[in-house]
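What follows is the structure, given as structure tokens:
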């Protein structure tokens, strides 16, 4: 619904779609599998931090933002 509204320039519909999804997330009506993805981490924390300034990677940044500074690759 949101994509259709965005493509048609329907700002009110896009906002309604956003609010509907936000409410479903807050109410825990959406399963976690629909909101998340699994990724394989191939770098150690040391290897990632060595390249972080020049190339940030979403999966590692999510871990860091959540307070996880240590992990095992694999």
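In our numbering, the protein residues as written are 219 to 292. All C-beta atoms, glycine included, are put in the ideal place defined by N, C-alpha and C. A quick note: this is a predicted structure, and the numbers were derived from the prediction, not measured.
(message) Only counting the same chain, and skipping five residues up and downstream in sequence, which positions put a Cβ closer than 7 Å to that of residue 288?
(response) 263
(request) Use the C-beta contact count for residue 278: other C-beta atoms within 10 angstroms, 16 or more gives buried, fewer gives exposed. (result) buried
(message) Cutting at 8 Å between CB atoms, please list the residues of its own chain near residue 243, excluding the five before and the five after it.
(response) 253.
(request) Measuring alpha carbon to alpha carbon, tell me which of 237, 227, 283 and 290 ends up nearest residue 260. (result) 290
(request) Please classify residue 227: does DSSP put it in a helix, a strand, or coil? (result) coil
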